[in-house]
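**Student:** Quick one: the structure is below, and I'll ask about it shortly.
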Amino acid sequence: MSTTRLPNVPALRKQQLLLEFASLQHAAPPGTYMSLSPGDPTLWLGVIFVRSGPYASAVLRFQIRFPTSYPDMPPLVNFATDVFHPLIVPLTTYTFSTGASSEDPVSATDEERLPPGGFSLRHGFPHWFGRAKRAGLQSATPPRETASVRNSSATSEGDEGEAVAPSPAEKSVEPRKTVPVSELLDYIRSTFDDETVLDSLPLEAAGNPSAWHAWKAHRKGSTASATKKGSPQARSPGDWHWDGIWARRVQNEIEASSSDAMLYG
134 MSTTRLPNVP ALRKQQLLLE FASLQHAAPP GTYMSLSPGD PTLWLGVIFV
184 RSGPYASAVL RFQIRFPTSY PDMPPLVNFA TDVFHPLIVP LTTYTFSTGA
234 SSEDPVSATD EERLPPGGFS LRHGFPHWFG RAKRAGLQSA TPPRETASVR
284 NSSATSEGDE GEAVAPSPAE KSVEPRKTVP VSELLDYIRS TFDDETVLDS
334 LPLEAAGNPS AWHAWKAHRK GSTASATKKG SPQARSPGDW HWDGIWARRV
384 QNEIEASSSD AMLYG
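When you read off a place in the sequence shown, starting at 1, and then add 133, the result is the number in our numbering.
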């Protein structure tokens, strides 16, 4: 379901979120359970029981805060469970920007900063972020002078009987992609149980660059361990620091995620 065609009326969009929540009874991703915060349909509470993959047996608690402009703007996904994951900002971090890159520097007013525990959606849904988002907003609002330019061009060319080619701003704009909540939840789940999803993550989309480097080193070690044991020179300089980090951290946090203190504390 999508709220894009709805008027920007908070009551209507909240009602749509309630409908999406009801639809999860038939479309919830495996191992994912959601509940609504009492009296606030924009705040969803969830838990993921990871059944397979790199984080198998982890119990992950999180929440999703939907802005009034969803799905035009992204929700904020925040994990309460401390987990060493490339897309999750460490709980000990003050803030992290989802728009951080050498070409798009971070400023003190960066609106895409994530809080501790924040889950970066930049890889799965790039249309919500950075230049893609700004381009979408700009393309949806053509310049004011477009109509006058079109009329003047048609007048000057009319005597010669030549057709006037439409400007880029006049061309039909593709509707912005909409994201059902079920699709959002399925993507979040896949980042814990599907190695190929983690392998495909670019560094600029990471919420935890250290976890990203550790995962890459872990994958290199699992696919080329025999070569590295026989030839230490085959290691790249960056591999040394991250060797074994990912496996140790994740195993400890998986065990902690199902402890009594975490589940009932």
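For every residue, glycine included, the Cβ atom is placed at its ideal position computed from N, Cα and C. Computed from a predicted structure; not experimentally measured.
1) Going straight from the alpha carbon of alanine 347 to that of isoleucine 321, what length do you get?
2) What is the DSSP secondary structure of glycine 251, counted as helix, strand or coil?
3) Quick test of your reading: glycine 185 and leucine 178, contact by CB under 8 Å. State the CB separation rounded to the nearest angstrom.
4) Determine contact between the stretch 211 to 228 and the stretch 336 to 344, defined as no fewer than three beta-carbon pairs at a distance below 8 Å.
5) Please determine, among Gly250, Pro223, Leu317 and Ala189, the residue with the shortest C-alpha to C-alpha distance to phenylalanine 154.
6) Classify leucine 331 as helix, strand or coil using the three-state DSSP reduction.
7) Go ahead and pull the three-state DSSP assignment for serine 168.
8) Which word fits arginine 255, buried or exposed, when buried means at least 16 other C-beta atoms lie within 10 angstroms of its C-beta?
9) Three-state secondary structure (DSSP) at aspartate 205?
10) Any chance you could list the beta strand (DSSP E) runs of at least 3 consecutive residues sitting entirely within the stretch 178 to 222, in chain order?
11) In terms of residues, what are the limits of the alpha helix (DSSP H) holding asparagine 385?
12) For the candidate residues Leu193, Tyr166, Pro249 and Asp173, whose alpha-carbon lies nearest to that of phenylalanine 325?
13) Apart from the five residues just before and just after glutamine 366, which ones in its own chain have a Cβ nearer than 7 Å to its Cβ?
14) Determine the direct distance from the alpha carbon of threonine 225 to that of glycine 257, and round the result to whole angstroms.
15) Ordered along the chain, which non-local residues of its own chain (more than five positions away) have a Cβ less than 7 Å from that of glycine 377?
16) Please confirm whether phenylalanine 195 and phenylalanine 182 have their CB atoms less than 8 Å apart.
17) What's the C-alpha gap between alanine 160 and serine 315?
18) Whose CA, out of Ser323, Asp327, Asp319 and Trp375, lies closest to the CA of tryptophan 345?
19) Say yes only if the C-beta of threonine 201 is nearer than 7 Å to one or more non-hydrogen atoms of the ligand NAP, and no if none qualify.
20) Could you tell me which residues DSSP puts in a beta bridge with aspartate 173?
21) When the Cα of proline 223 is compared with those of Ile387, Phe252, Pro163 and Leu396, which residue comes out closest?
22) Since alanine 144 is in the alpha helix (DSSP H), which residue starts that stretch and which ends it?
**Tutor:** Taking the definition as stated:
1) 20 Å
2) strand
3) The question names glycine, yet the displayed sequence has serine at residue 185. So it is not a contact: roughly 24 Å between Cβ atoms.
4) yes
5) Leu317
6) helix
7) strand
8) buried
9) When DSSP states are grouped into helix, strand and coil, aspartate 205 belongs to the coil group.
10) 192 to 198 and 209 to 212
11) 378 to 390
12) Leu193
13) Residue confidence for glutamine 366 is low, a pLDDT of 49 falling below 50, so the modelled location carries little weight and cannot support an answer.
14) 24 Å
15) Answer for glycine 377: no residue qualifies.
16) Contact: no.
17) Cα atoms of alanine 160 and serine 315: separation of roughly 7 Å, rounded to the nearest angstrom.
18) Trp375
19) Judged by which ligands are present, the structure shown has none, so any question about the ligand NAP falls away.
20) Within the DSSP bridge table, the entry for aspartate 173 names Ser170 as partners.
21) Phe252
22) 143 to 160
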